[in-house]
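Those letters in the sequence shown? Residues 9 to 163, by this note's numbering. Contents: one structure, followed by commentary.
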Amino acid sequence: MLGSGNMSQNEARILPPVILIIIGLVPWYYASQAWMESISLVDNTIAVQGIVVDYESSYETASRTSPALFHYPIVEFIDRNGSTQRLTSGVGAGKRLYDIGESVRVRYDPGDRRQPVVDSFLRLWAKPALFAFAGLPFVLLGGFRFFRAIFGRSD
Numbered sequence: 009m010l011g012s013g014n015m016s017q018n019e020a021r022i023l024p025p026v027i028l029i030i031i032g033l034v035p036w037y038y039a040s041q042a043w044m045e046s047i048s049l050v051d052n053t054i055a056v057q058g059i060v061v062d063y064e065s066s067y068e069t070a071s072r073t074s075p076a077l078f079h080y081p082i083v084e085f086i087d088r089n090g091s092t093q094r095l096t097s098g099v100g101a102g103k104r105l106y107d108i109g110e111s112v113r114v115r116y117d118p119g120d121r122r123q124p125v126v127d128s129f130l131r132l133w134a135k136p137a138l139f140a141f142a143g144l145p146f147v148l149l150g151g152f153r154f155f156r157a158i159f160g161r162s163d
């Protein structure tokens, strides 16, 4: 029993896989939160076409590396009231992702509860996908070892 300070052989075999599964479930929790945020964004916003009009560039440091230049597209779009709106994307890269004048899809909240965003895979789905993939090896390995400990032969 766990409380007695002595583990049985079965408990000792099961505990490491359970710990691996729990470690894998932590990023899955964050993946589910990011997924729900993206679903909410898609469900509660209007998609319109926008035009990349410029870029905002800034130097950013990732970890201990030297600063790198990131480019963030500035997009103009017309809302349902006919007003021209402007947004600077929160997703930037070392190279320009779009050409000036290129059409991009924008999502905006007509109630102004959310900032408008460029509708892209990176903005909506990359975060949940990365968290899900980060947890996958731990859950698979832990699950495999768990079932092997339960149903496998004991040596």
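Here a beta-carbon is modelled for each residue, glycine too, at the ideal position from N, C-alpha and C.
Item                                                                                          : Value
contact_flag[the segment 33–41, the segment 78–93] where n(CB pairs < 8 Å) is 3 or more       : no
Coarse secondary structure for Gly151, derived from DSSP in three states                      : helix
Cutoff 8 Å; reference Gly151; Cβ partners in own chain excluding five residues on either side : Pro25, Ile29
Per DSSP, the bridge partner or partners of Asp62                                             : Ile82
Span of the alpha helix (DSSP H), counted from its first residue to its last, around Leu95    : Not the alpha helix (DSSP H): Leu95 falls in the beta strand (DSSP E), residues 92–96.
CA-to-CA distance, Lys103 to Ser111, given in whole angstroms                                 : 18 Å
Closest by C-alpha distance to Ser46, when choosing among Leu23, Arg153, Pro124               : Pro124
Glu19 to Ala140 span [Cα, whole Å]                                                            : 28 Å
For Pro16, three-class secondary structure by DSSP                                            : Before going on, a small fix: residue 16 reads as Ser here, not Pro. The answer is coil: DSSP assigns Ser16 none of H, G, I, E or B.
Val56 versus Glu64: straight-line alpha-carbon distance, rounded                              : 22 Å
Three-state secondary structure assigned by DSSP to Ile22                                     : helix
Alpha-carbon spacing of Leu23 relative to Asn52, whole angstroms                              : 43 Å
Three-state secondary structure (DSSP) of Glu110                                              : coil
Rounded C-alpha distance that separates Tyr116 from Gln93                                     : 10 Å
Beta-bridge pairing of Arg77 - partner residues as DSSP gives them                            : Residue identity differs from the one stated: residue 77 is Leu in this sequence, not Arg. Tyr67.
Span of the alpha helix (DSSP H) around Leu132                                                : 129–132
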